[in-house]
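There are 2 protein chains.
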Amino acid sequence: MVLLSGGIDSATCLAIAKVDGYHLNALTFHYHQRHAVEIEAAKRVARAAGVARHMVLDLPLGQIGGSALTSDMEVPKDAKLESLGNRIPVTYVPARNTIFLSFAMAWAEVLGAADIFIGVNALDYSGYPDCRPEYIEAFEKTANLGTKKTVEGELMIRIHTPLITLTKAQIIRRGVELGLDYSVTHSCYDPDPAGRACGRCDSCLLRRKGFLEAGVPDPTSYYDSR
Amino acid sequence: MVLLSGGIDSATCLAIAKVDGYHLNALTFHYHQRHAVEIEAAKRVARAAGVARHMVLDLPLGQIGGSALTSDMEVPKDAKLESLGNRIPVTYVPARNTIFLSFAMAWAEVLGAADIFIGVNALDYSGYPDCRPEYIEAFEKTANLGTKKTVEGELMIRIHTPLITLTKAQIIRRGVELGLDYSVTHSCYDPDPAGRACGRCDSCLLRRKGFLEAGVPDPTSYYDSR
């Protein structure tokens with residue numbers, strides 16, 4: 001089971017799970033993110049990879065708030081690239097990965113799926129706490145203590161993080177090797193009504209830098225790149 | 001913050017948090033449980049306790065399935081009381097407490113609330129794996145590694161389980177001492193259209209046994225008690 005947002009990281013994660021021979025199921029969340037257009041990207045990515053099932057779940061994270069991604073707070077633009085990762089930005093969504101992984105854990109139990117893939121990475125990222133290895137390990141332990149099948153010994157859940165030590169450029173190069181078409185992915189936090197990327201939010205900046213450093217042409221159409 | 005289902009345990013948990021002097025927020029989930037009538041009970045309990053805020057979140061657990069509580073599977077009746085807790089029953093909902101606690105963790109971060117109360121108990125329960133102390137400890141660790149405020153040292157989340165070593169009778173006696181009116185609570189997994197309890201599902205059996213052993217008159221109206 002692959003957590004699939006529709007961005008570069010989760011699409012690459014899915015491609016890695018595929019080449020590693022896993023039977024693919026994908027899980028995507030509509031959490032009232034301002035860039036809900038990424039769900040369409042996730043559907044395109046899932047279709048292209050030939051996943052068996054792709055579930056999209058609607059979660060009321062907007063009711064909880066606390067993030068620029070789920071409220072009217074402004075999305076920061078034109079950050080200095082070297083400062084990304086030093087401070088946790090306002091696009092941080094409280095407990096997002098814990099919520100996402102807990103649903104993955106539930107569906108994994110129903111399907112009898114032992115392997116959950118999540119495209120977190122601890123380099124070239126936005127400084128989110130729930131992307132770090134120690135967090136992932138703690139969640140994995142919780143999952144194995146918290147379901148019927150894991151406690152009864154029928155299932156041992158493993159959380160795979162194949163991108164965790166890669167830079168964005170390395171991720172992109174790996175995806176290109178695997179034949180991934182990044183033009184179907186979406187990263188931008190603040191797309192225009194047509195779904196085009198802004199080119200200036202943290203997520204766009206990391207994406208653009210990744211393609212540049214990977215030496216791969218960026219297939220994204222930006223409405224406001226400077 | 002108190003996770004409030006509207007049953008005996010969570011209502012008692014709320015009463016304990018109140019007498020302990022906490023500022024009260026309550027969190028309830030509509031997860032397409034067949035006994036969604038418990039949400040009305042949760043609202044009555046929250047109102048009676050005077051909670052500051054009571055959030056009800058809608059979660060798509062029915063889409064994931066795997067439980068008699070969120071699907072058309074039949075709810076077991078007339079189980080032998082002494083066998084409850086020996087096997088995990090079909091009313092088990094995959095990863096339910098992990099999902100609930102992950103939303104509590106998110107809202108706790110937004111509110112700056114350090115204390116999360118959950119009415120799990122490891123005695124007189126239905127054998128659910130996510131009610132055990134080792135599970136709760138693992139989740140607490142995950143929570144403290146997984147949010148901005150906990151990682152930055154602004155918040156240390158503590159999961160309180162004041163009922164974990166109590167029997168149902170002890171829980172009821174504690175609630176009665178605290179002036180709790182259990183007639184506003186709801187336990188039954190299989191209520192009739194009027195919201196009355198069946199009297200025969202595991203949850204009703206534990207409730208009835210609890211009142212009996214506590215020597216407290218059971219205020220519940222059952223439509224099918226034998």
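Residue numbers (our numbering), protein chains in the order written: chain A, 1 to 226; chain B, 1 to 226. Glycine is no exception: its CB is placed at the ideal position from the N, C-alpha and C atoms. In this text the structure is predicted, and so the values were computed from the model without any measurement.
Residues near residue i by beta carbon distance below 6 Å, same chain, minus five either side
i, result
"R237(B)", "Nothing can be reported for residue 237(B): it is not among the residues displayed for chain B, which extend from 1 to 226."
"Y223(A)", "D192 and R196"
Contact belief for residue i with residue j at Cβ below 8 Å, rounded distance in angstroms
i, j, result
"D9(A)", "G119(A)", "3 Å"
"G127(B)", "N86(B)", "7 Å"
"I116(B)", "I157(B)", "6 Å"
"K209(B)", "K168(B)", "6 Å"
"S71(B)", "P94(B)", "Rounded, the Cβ-Cβ distance is 11 Å, inconsistent with contact."
"Y189(B)", "V19(B)", "Actually they are not in contact, since the Cβ atoms of Y189(B) and V19(B) sit about 29 Å apart, beyond 8 Å."
"V216(B)", "I171(B)", "Contact doesn't hold; Cβ gap of about 11 Å is too wide."
Below-7 Å beta-carbon distance, residue i vs any chain B residue
i, result
"K43(A)", "no"
"L145(A)", "yes"
"A138(A)", "yes"
"D130(A)", "yes"
"M73(A)", "no"
"V120(A)", "no"
"P60(A)", "yes"
"M156(A)", "no"
"A106(A)", "yes"
Contact set for residue i: own chain, Cβ-Cβ below 7 Å, skip 5 residues either direction
i, result
"V45(B)", "L4, G6, A11, L14, V184 and T185"
"Y135(A)", "P129"
"A113(B)", "M1 and N25"
"F100(B)", "L3 and F29"
"T150(B)", "A143, N144, M156 and I157"
"A17(B)", "V2, L24 and F117"
Local Cβ density within 10 Å of residue i, reported as buried at 16 or more and exposed below that
i, result
"H23(A)", "exposed"
"L81(A)", "exposed"
"D58(B)", "exposed"
"A42(B)", "buried"
"S203(A)", "buried"
"G199(A)", "buried"
"S102(A)", "buried"
"R174(B)", "buried"
"S221(B)", "exposed"
"R34(B)", "buried"
"R207(A)", "buried"
"A138(A)", "buried"
"A214(A)", "buried"
"E152(A)", "exposed"
"E177(A)", "exposed"
"S83(B)", "exposed"
"A194(B)", "exposed"
"E154(B)", "exposed"
For residue i, the residue or residues it bridges with in DSSP
i, result
"H30(B)", "D58(B)"
"H160(B)", "F117(B)"
"C188(B)", "Answer by DSSP bridge pairing: none, since C188(B) is not bridged."
"Y222(A)", "A197(A)"
"R87(A)", "L84(A)"
"L145(A)", "Answer is none; L145(A) lacks a bridge partner."
"R53(A)", "N25(A)"
"F3(B)", "What sits at residue 3(B) in the sequence shown is Leu, not Phe. L3(B) pairs with L27(B)."
"K77(A)", "C201(A)"
Residues near residue i in its chain [Cβ-Cβ closer than 8 Å; skip 5 each side]
i, result
"A122(A)", "C131, R132, P133, I164 and T165"
"M105(B)", "I116, A143, G146, T147 and I157"
Within-7 Å CB hit, residue i to chain A
i, result
"I99(B)", "yes"
"K141(B)", "yes"
"L57(B)", "yes"
"Y135(B)", "yes"
"V110(B)", "yes"
"I64(B)", "yes"
"Y92(B)", "yes"
"I8(B)", "no"
"P89(B)", "no"
"S227(B)", "Given a span of 1 to 226 for chain B in the structure shown, any question on residue 227(B) remains unanswerable."
"A36(B)", "no"
"V19(B)", "no"
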